[in-house]
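Visitor: Every letter in the sequence shown is one number past the one before it in numbering that gives the first Met the number 0, and letter 41, counting from 1, is 40.
Starting off with a structure, shown below.
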Amino acid sequence: MISFICETENITTESTDHDQLEWVKVDDLLNWKLAPADIPIAKELIEEKEKNTR
């Protein structure tokens, strides 16, 4: 998983490496079927968001 923390408005994206590209909310990451190596990254992103919203 390559992750970016960003904010955006309506934009058009195109993936040249994968069949599908989705923008998801950080809080929803663990609801997706992730590769085992991606789970710690998702958890770290969730923890970082929680620290920044306090």
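Using N, Cα and C, we set each Cβ at its ideal position, and we do this for glycine too.
Quick caveat: nothing in here was measured; it's all calculated off a predicted structure.
Note the first and the last residue of the continuous alpha helix (DSSP H) segment covering residue 44.
Guide: If you number the sequence shown from 1, residue 44 lands on position 45. 38-51 is the extent of the alpha helix (DSSP H) around residue 44.
Visitor: Reducing DSSP to helix, strand and coil, say where residue 16 ends up.
Guide: On the sequence shown, residue 16 is found 17 positions in, with the first residue counted as 1. Of the three classes helix, strand and coil, the one that applies to residue 16 here is coil, per DSSP.
Visitor: Let me check understanding here. Comparing Cα to Cα, which of 44, 40, 22 lies closest to residue 8?
Guide: Locating residue 8 in the sequence shown gives position 9, counting from the first residue. Nearest option by C-alpha distance: 22.
Visitor: When burial is assigned at 16 or more other CB atoms within 10 Å of the CB, is residue 36 buried or exposed?
Guide: In the sequence shown, the residue the question calls residue 36 occupies position 37. Under this definition residue 36 is an exposed residue.
Visitor: Please classify residue 29 as buried or exposed, where buried requires at least 16 neighbouring CB atoms within 10 angstroms.
Guide: One-based indexing of the sequence shown puts residue 29 at position 30. Residue 29 comes out exposed.
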